[in-house]
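For the sequence shown, the positions run 895 to 1199 when our numbering is used. Read the structure below first, then the notes.
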Amino acid sequence: MSLTAAHTPAGPPEPRGPKYPFHITKEEERQLRLKGAEALPSLVIGQATSFDEYARQLMIPPAVMDLARKAEDLRLSAWEVEAMRKHLAPAAEPGDKVGLLRQILLEKYNRDQTHPPYIRVACSGRGEYDDLATEHGPLHPGGHPKGDIGSPVVLEIWPAQHYSPIHSHGHTTGIVFCLAGQLDVMVYEHLEWDARKLGLLTLTPGQCAWLSKDNYAVHRVYCPMDGGDGTTGPGYMNSTAEFGASFHVYLNPEQTAVHDHDGDSYNRDIFNYIDEKSKKQRPFATESDLSWHILRRVLANTPLT
Ligand SMILES: [Fe+2]
């Protein structure tokens, strides 16, 4: 398979005033960062250095703290980051073959241009685009059915200047642990296009945000790093190898101590989001793009010189 990075930004001309992805002014951004820093419970898990910060940390549910403790020593090694950059890089010349991650971005871009694509890597199960890695060895025993949905543990790769729609994690309990680069997270009160914004935070490696049914379940994620030319928005594809990466865990209600028996399905197989064009709510089957055991092998086979 030979795909080339043909395009960059189609996107709309530079809009006046508030821009993608958050549609806020500089002053609103400043206010939302302050609001994020003062949120109760705290949006980010960390050691308190003041009494009021202690109170904000105290209100984080124990199930979340357990997930965060287990993730706190996770790191991407320098060679993994470097190999990911190689696989994200755009073609140097038109017609050059691009790496696995850029190929997946281009496939996703061709399917959906309502927002710039990012990559979900399943830490268990199969990915939708695993078959793009056949040259690196066998894929899955017993043939290759398409990707699974609802992986409880996912590595997300966010190319610079790409972002998600506003989406809800429903009734799951989970963490968003930053592994590389930089990620902005805007938290909303409800799943609606015009929902009230509860706060904006920037995660750097080692920092952990969280969500539960009752707190911070609705958000939008954006990688604010250097994406090259063009303006982020619908139809945008970046032209650099810069990226942020985050490690996500989602527990279904029956997997936490807070168990709700009301007969509905609130699990991680489907998350709802706000479609960027219609601004209406739609369901998103949480398909994985790639499986970690395949990506790890591809990264290990990548020459770094
Ligand atoms: Fe999310």
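Glycine residues also receive a C-beta, built at the ideal position from the N, C-alpha and C atoms. As the structure is a computational prediction, the values presented were derived from the model and not from experiment.
Which residues DSSP lists as bridging Asp1078, in chain order = The residue labelled residue 1078 in the question sits at position 184 within the sequence shown. Thr1096, Tyr1116.
Own chain partners of Pro1118 with C-beta closer than 7 Å, once the 5 adjacent residues on each side are dropped = The count along the sequence shown starts at 1 and reaches residue 1118 at position 224. So the qualifying residues of the chain are Gln1076, Asp1078.
message = Below 7 Å, is the gap between the Cβ of Val1115 and the nearest heavy atom of ligand 1?
response = In the sequence shown, counting from the first residue as 1, residue 1115 sits at position 221. With a threshold of 7 Å, the Cβ atom of Val1115 counts as near ligand 1, since some heavy atom of the ligand is closer than that.
ask   = Which partner residues does Cys1102 have in the DSSP bridge list?
value = Here residue 1102 refers to the residue found at position 208 when the sequence shown is read from its first residue. As a beta-bridge residue in DSSP terms, Cys1102 pairs with Ile939, Phe1071.
query = Would the beta-carbon of Glu1050 fall within 8 Å of that of Ser1185?
reply = Looking up residue 1050 in the sequence shown gives position 156. Looking up residue 1185 in the sequence shown gives position 291. Contact annotation: Glu1050 and Ser1185 have beta-carbon atoms that are not nearer than 8 Å.
request  = Give the straight-line distance between the Cα atoms of Asp1158 and Pro1147, rounded to the nearest whole angstrom.
outcome  = Residue 1158 sits at position 264 when you count from the first residue of the sequence shown. Residue 1147 sits at position 253 when you count from the first residue of the sequence shown. Confidence at Asp1158 is low in this model, with a pLDDT of 49, below 50, so the placement of that residue should be treated as unreliable; the coordinate-derived value is given next. Their Cα atoms are separated by approximately 11 Å.
message = Rounded to whole angstroms, what is the Cα-Cα separation between Val1112 and Cys1017?
response = For this step, residue 1112 is matched to residue 218 along the sequence shown. For this step, residue 1017 is matched to residue 123 along the sequence shown. Each residue's Cα considered, the two are about 23 Å apart.
task = Answer yes if the region 1082 to 1090 comes into contact with the region 1008 to 1025, meaning at least three C-beta pairs across the two stretches below 8 Å, and no otherwise.
result = In the pairwise beta carbon analysis, the region 1008 to 1025 is classified as not touching the region 1082 to 1090: fewer than three pairs are separated by under 8 Å.
task = Return the chain-ordered list of same chain residues with a C-beta closer than 8 Å to the C-beta of Gln1175, the five sequence neighbours on each side being excluded.
result = Within the sequence shown, the letter at position 281 stands for residue 1175. Contacts found: Leu1085, Glu1086, Asn1166, Tyr1167, Ile1168, Asp1169.
query = Quick one: what's got a C-beta closer than 6 Å to Pro1010's C-beta in the same chain, skipping five residues either side?
reply = As a first step, residue 1010 is located in the sequence shown; it is residue number 116 there, counting from the start. For Pro1010, the CB contacts under 6 Å within the same chain, skipping 5 residues up- and downstream, are His1056, Tyr1130 in chain order.
task = Apply the 10 Å Cβ neighbour rule to Ala1027 and answer buried if 16 or more other Cβ atoms are within range, or exposed otherwise.
result = Counted from its first residue, the sequence shown places residue 1027 at position 133. Classification of Ala1027: buried, given that the 10 Å Cβ count is 16 or more.
key: Host alpha helix (DSSP H) of Arg963 (start-end)   = Locating residue 963 in the sequence shown gives position 69, counting from the first residue. Taken as a continuous stretch (DSSP letters only), the alpha helix (DSSP H) holding Arg963 covers 956 to 965.
message = Report the start-end ranges of each alpha helix (DSSP H) in the region 983 to 1037 that is 4 residues or longer and not cut off at the edges.
response = Here the runs fully enclosed are 994 to 1005.
request  = Just the C-alpha distance for Met978 and Ile1060, rounded to the nearest angstrom, thanks.
outcome  = Residue 978 sits at position 84 when you count from the first residue of the sequence shown. Residue 1060 sits at position 166 when you count from the first residue of the sequence shown. The straight-line gap separating the alpha-carbon atoms of Met978 and Ile1060 is approximately 26 Å.
ask   = Are the CB atoms of Leu982 and Gly993 nearer to each other than 8 Å?
value = In the sequence shown, residue 982 corresponds to position 88, counting from 1. In the sequence shown, residue 993 corresponds to position 99, counting from 1. The beta carbons of Leu982 and Gly993 sit closer together than 8 Å.
task = Assign Pro1177 to buried or exposed, taking buried as 16 or more other Cβ atoms, counted over all protein chains shown, within 10 Å of its Cβ.
result = Reading the sequence shown from its first residue, position 283 is the one you call residue 1177. Counting of Cβ neighbours within 10 angstroms places Pro1177 among the exposed residues, the total staying below 16.
inquiry  = Would you say the beta carbon of His1009 is closer than 7 Å to some non-hydrogen atom of ligand 1?
reply    = For this step, residue 1009 is matched to residue 115 along the sequence shown. Distance from the C-beta of His1009 to the nearest heavy atom of ligand 1 is not below 7 Å.
key: Cut-off 6 Å between Cβ atoms - residues of its own chain near Leu1189, not counting five sequence neighbours on either side   = Locating residue 1189 in the sequence shown gives position 295, where the first residue counts as 1. Its chain contains Val1015 as the residues whose beta carbon lies nearer than 6 Å to that of Leu1189, once the 5 sequence neighbours on both sides are disregarded; these appear in chain order.
task = Take the Cβ of Arg963 as the centre, count every other Cβ of all protein chains shown within 10 Å, and call the residue buried at 16 or more, exposed below.
result = Here residue 963 is taken as the residue at index 69 of the sequence shown, counted from 1. The residue is exposed, with fewer than 16 neighbouring Cβ atoms inside 10 Å.
Residues near Leu968 in its chain [Cβ-Cβ closer than 7 Å; skip 5 each side] = Here the question's residue 968 lines up with position 74 in the sequence shown. Cβ within range, chain order: Phe1071, Leu1073, Phe1141.
request  = For Lys929, collect the residues of the same chain with a Cβ closer than 6 Å to its Cβ; drop the 5 residues on either side in sequence, then sort them by chain order.
outcome  = In the sequence shown, counting from the first residue as 1, residue 929 sits at position 35. Its chain contains Gly1093 as the residues whose beta carbon lies nearer than 6 Å to that of Lys929, once the 5 sequence neighbours on both sides are disregarded; these appear in chain order.
inquiry  = What would DSSP say about Ala933, mapped onto helix, strand or coil?
reply    = Residue numbering aside, residue 933 sits at position 39 when the sequence shown is read from its first letter. Look at Ala933 here: in three-state DSSP terms it is coil, with no helix or strand label.
request  = Could you tell me the boundaries of the alpha helix (DSSP H) in which Leu1193 lies?
outcome  = Position 299 of the sequence shown holds residue 1193. Its alpha helix (DSSP H) spans residues 1186 to 1194.
request  = Taking Tyr948 as part of the beta strand (DSSP E), name the residues at either end of that continuous run.
outcome  = For the purposes of this step, residue 948 is identified with residue 54 of the sequence shown, where counting begins at 1. Tyr948: not part of any beta strand (DSSP E); member of the alpha helix (DSSP H) spanning 945 to 952, first to last residue.
key: Rounded Cβ spacing between Ser1058 and Arg1114 (contact assumed at less than 8 Å)   = The sequence position of residue 1058 within the sequence shown is 164, counting from 1. The sequence position of residue 1114 within the sequence shown is 220, counting from 1. Yes, Ser1058 and Arg1114 are in contact; Cβ-Cβ is about 6 Å, under 8 Å.
request  = Output the distance between the C-alpha atoms of Leu999 and Ile1013, rounded to the nearest integer angstrom.
outcome  = Along the sequence shown, one-based indexing puts residue 999 at 105. Along the sequence shown, one-based indexing puts residue 1013 at 119. Their Cα atoms are separated by approximately 7 Å.
query = Should His1056 be listed as close to ligand 1, given that the test is whether its C-beta is under 7 Å from any heavy atom?
reply = Within the sequence shown, the letter at position 162 stands for residue 1056. Not under cutoff, so the answer is no.
request  = Go ahead and pull the three-state DSSP assignment for Thr1176.
outcome  = Position 282 of the sequence shown, counted from the start, is the residue given in the question as residue 1176. Before going on, a small fix: residue 1176 reads as Arg here, not Thr. Of the three classes helix, strand and coil, the one that applies to Arg1176 here is strand, per DSSP.
request  = Report the three-state DSSP secondary structure of Pro1053 (helix, strand or coil).
outcome  = In the sequence shown, the residue the question calls residue 1053 occupies position 159. In this structure, DSSP gives Pro1053 an extended state, which the three-state scheme calls strand.
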